[in-house]
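J.: When the letters of the sequence shown are read in order and numbered with the numbering used here, they come out as residues 56 to 223.
Yeah, the Cβ is synthetic: ideal placement off N, Cα and C, and Gly gets one too.
Below: one structure in structure tokens.
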Amino acid sequence: MEALEAIMSRRSIRKYTDKKIPEETIKTLLEAAMNAPSAHNKQPWHFIVVDDRETLYKVPEFHNYSKMLEQASHAIVVLADTEIQNTDFWIHDTSASTENILIAANALGLGAVWLGVHPHENLMSEVKKLFNVPENVTPLGIISLGYPAEEKPPRENYNEERVHRNKW
Ligand SMILES: Cc1cc2nc3c(=O)[nH]c(=O)nc-3n(C[C@H](O)[C@H](O)[C@H](O)COP(=O)(O)O)c2cc1C
């Protein structure tokens with residue numbers, strides 16, 4: 056799929072078939088994630104690839120909008136080492152890598168959805184506990200992934216009123 060088409064047709068996909076995503080496809084998603092821009096090129100990101108069913112079932116016990124993980128082939132937890140990137144830029148860096156995964160997933164015929172964790176302290180602390188995350192590492196979010204069992208039309212979000220030229 057062409058890059059622009061992959062961006063423009065991306066939607067949050069929350070229903071999946073039983074088919075498991077192959078390891079080499081997960082590797083491609085992680086390569087896309089790590090090719091994101093980052094402030095001072097610090098690349099503070101870490102990723103936890105999750106396919107353990109018991110763990111996938113545990114997330115919705117504390118995260119109210121993550122039930123789709125029960126059907127997901129994989130989840131990728133996106134985190135940052137805040138000693139490597141010690142300003143809020145870690146949020147921007149890991150958001151860019153998350154978006155790269157979402158677009159790459161769409162381009163590869165997968166369905167994905169971004170599940171917010173940061174800045175909710177309770178969710179961050181539950182994620183850290185469940186995935187045994189060290190002190191200096193902070194979770195941004197979780198990406199739920201699988202082969203799509205729902206189809207959604209592209210959005211048409213473009214809004215001329217939000218575009219300003221030269222000055223506000
Ligand atoms: C920071 C962030 C957090 C989100 N958290 C959740 C979530 O917890 N659960 C969920 O189902 N979708 C979540 N979403 C997906 C949004 O609901 C979705 O992107 C939005 O409704 C627009 O739909 P679209 O992605 O299909 O264009 C999140 C998206 C972002 C960017």
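Look up Tyr-71 in the DSSP assignment and give the residues it is bridged to.
T.: Pro-203
J.: Under a three-way DSSP split, which group does Ala-244 fall into?
T.: Residue 244 lies beyond the residue range present for the chain, which begins at 56 and ends at 223; the question has no answer from this structure.
J.: Just reading off the alpha helix (DSSP H) that Ala-58 is part of, what are its end residues?
T.: First-last of the alpha helix (DSSP H) with Ala-58: 58-63.
J.: Could you give the C-beta distance for Leu-170 and His-129, rounded to a whole number, given that I count them as a contact under 8 Å?
T.: Their Cβ separation, rounded to whole angstroms, is 13 Å, which puts Leu-170 and His-129 out of contact at 8 Å.
J.: When the distance is taken between beta carbons, is Ile-139 closer than 8 Å to Lys-97?
T.: yes
J.: Hey, is Trp-145 close to ligand 1, as in C-beta under 7 Å from one of its heavy atoms?
T.: no
J.: Are His-95 and Leu-134 closer than 8 Å when you measure CB to CB?
T.: no
J.: Using a threshold of 7 Å, is the CB atom of Trp-100 nearer than that to any non-hydrogen atom of ligand 1?
T.: no
J.: Only counting the same chain, and skipping five residues up and downstream in sequence, which positions put a Cβ closer than 7 Å to that of Val-172?
T.: Leu-178, Met-179, Val-182, Pro-194, Leu-195, Gly-196 and Ile-197
J.: Would you grab the beta carbon distance between Ala-162 and Met-89 for me? Rounded to a whole angstrom, and I think it's under 8 Å.
T.: Actually they do not touch by this definition, with Cβ atoms about 16 Å apart.
J.: Quick check: what's the CA-CA separation for Ser-199 versus Ile-68?
T.: 9 Å
J.: Buried or exposed, going by whether 16 or more other CB atoms sit within 10 Å of the CB of Thr-149?
T.: Its Cβ being crowded by 16 or more others within 10 Å, Thr-149 is buried.
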